[in-house]
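In this text, residue positions in the sequence shown follow our numbering: the first is 173, and each later residue adds one. Beta carbons: idealized from backbone N, C-alpha and C, even for Gly.
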Amino acid sequence: YQSYDSFEKTSLLLSLDLRGTPITLERHLLLHLPECLLSAMFPRGSALNKKTDTLQSLLTRQENQVIFVDVDPACLAYVLRFYQGKQAKPSLSRVASYDAIWPLHSPFHSPLLTQQPLMVLREELDYYCNRTSKESHDMTHLKLICGQYLKQQDLIVETLEKRMTRENNAVERHLLDILSEAGFKQEDRWGHRAMEPMRTCIISMGCILIPTTGAPSHKTAAQKLLFFWKNSARKCWWEGITVTLEHISVRLWARRTWTLEVVLV
173 YQSYDSFEKT SLLLSLDLRG TPITLERHLL LHLPECLLSA MFPRGSALNK
223 KTDTLQSLLT RQENQVIFVD VDPACLAYVL RFYQGKQAKP SLSRVASYDA
273 IWPLHSPFHS PLLTQQPLMV LREELDYYCN RTSKESHDMT HLKLICGQYL
323 KQQDLIVETL EKRMTRENNA VERHLLDILS EAGFKQEDRW GHRAMEPMRT
373 CIISMGCILI PTTGAPSHKT AAQKLLFFWK NSARKCWWEG ITVTLEHISV
423 RLWARRTWTL EVVLV
């Protein structure tokens, strides 16, 4: 998505309809949502309606015009809580002294001085299931119980640690280090995790405010993690397991797609 700086200073309210749930959102806040969430809300830059308006044309609409978006409202509500609960900004005296040395448009000016970095991790888990026996079972029900089983596996780093143990892959280790530097812990669970309607897919979101004060290592880590600001990373991998659900032996395949990015709030 391109930058819409011309909309920054306006506070036009947009009326969204998220699967039947009405939500009113300021335009500038919508533009600053994580890229992975915006991409889900406006696939290919357009809203899910018959006119297939582009995101830019939607943002130039007048107030009280409803935009229909096919995204779980609970997912958006979860992310918005972090925008409302951001840490306090540094004192004005500190900002002024810093700006005297490195002006705002200087390449040495750090956005961490006035904005709080937020790491956002999104998982799109597509799953496929099949019976291991020749017995006849209701496939619709089988897909449902498989989805419920996977949804309960909600520890964020657990699946990555298992994969790293099996394959000892340097990429997984590096990703775990990044999550650790941001503040994610082994016992952390997805903040939002829900099955998508009419699909064998589970969408999960995990967010954490990256610490920038306190120990010197916090600021160093935050500066390093700014690499993912406007520069999201994506990783996709497959997993296959055999499980017994409701006395049915099932071969279950899962494709996990992770998107990691940092936004400033």
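Between D298 and R427, the CB-CB gap stays under 8 Å. Here the alpha carbon of D310 sits roughly 34 Å from the alpha carbon of T431. P206 is positioned such that its CB atom lies closer than 8 Å to that of V435. A distance below 8 Å between beta-carbons, with the five flanking residues on each side excluded, links E198 to the following residues of its chain, in chain order: S183, L184, L185, L186. Between E296 and I374, the alpha-carbon positions lie close to 6 Å from each other. For S187, there is no enclosing alpha helix (DSSP H); the residue is part of the beta strand (DSSP E) that begins and ends at 185–190. Ranked by Cα distance from I380, the first of V292, G192, Y321 is V292. C301 is a Cβ neighbour of R423, given a cutoff of 8 Å.
If you ignore the 5 residues before and after S404, its C-beta comes within less than 6 Å of the C-beta of E207, T431, E433, all in its own chain and listed in chain order. DSSP, reduced to helix, strand and coil, places D349 within a helical segment of the structure shown. With fewer than 16 other CB atoms across the displayed protein chains lying within 10 angstroms of its CB, R361 is exposed.
Ranked by Cα distance from W425, the options W409, L327, P245 are led by W409. Judged by DSSP secondary structure, M377 falls within the beta strand (DSSP E) whose first and last residues are 373–381. In this structure I413 is exposed. Its beta-carbon is surrounded by fewer than 16 other beta-carbon atoms within 10 angstroms. C-alpha of R303 to C-alpha of L351: approximately 36 Å in a straight line. Here V422 is bridged, per DSSP, to R303, V415.
A Cβ-Cβ distance of about 29 Å is found for the pair Q325 and V437, leaving them out of contact under the 8 Å criterion. If you ignore the 5 residues before and after D189, its C-beta comes within less than 6 Å of the C-beta of V238, F240, all in its own chain and listed in chain order. Under the three-state reduction of DSSP output, T337 falls in the helix class. Between the alpha carbons of S211 and S389 lies a distance of about 33 Å.
In this structure, K402 lies away from M367, with their beta-carbon atoms at least 8 Å apart. With contacts defined by Cβ atoms closer than 8 Å, L316 and Y255 do not form a contacting pair. If you look at P194, you'll find it in the beta strand (DSSP E) that goes 193–198. K407 carries a strand assignment under DSSP once its states are collapsed to helix, strand and coil. Non-local beta-carbon contacts of K407 in its own chain, meaning distances under 6 Å to residues more than five positions away in sequence, involve W430 in chain order. A394 and P383 have their alpha carbons spaced roughly 7 Å apart. Under the three-state reduction of DSSP output, M370 falls in the coil class, being neither helix nor strand.
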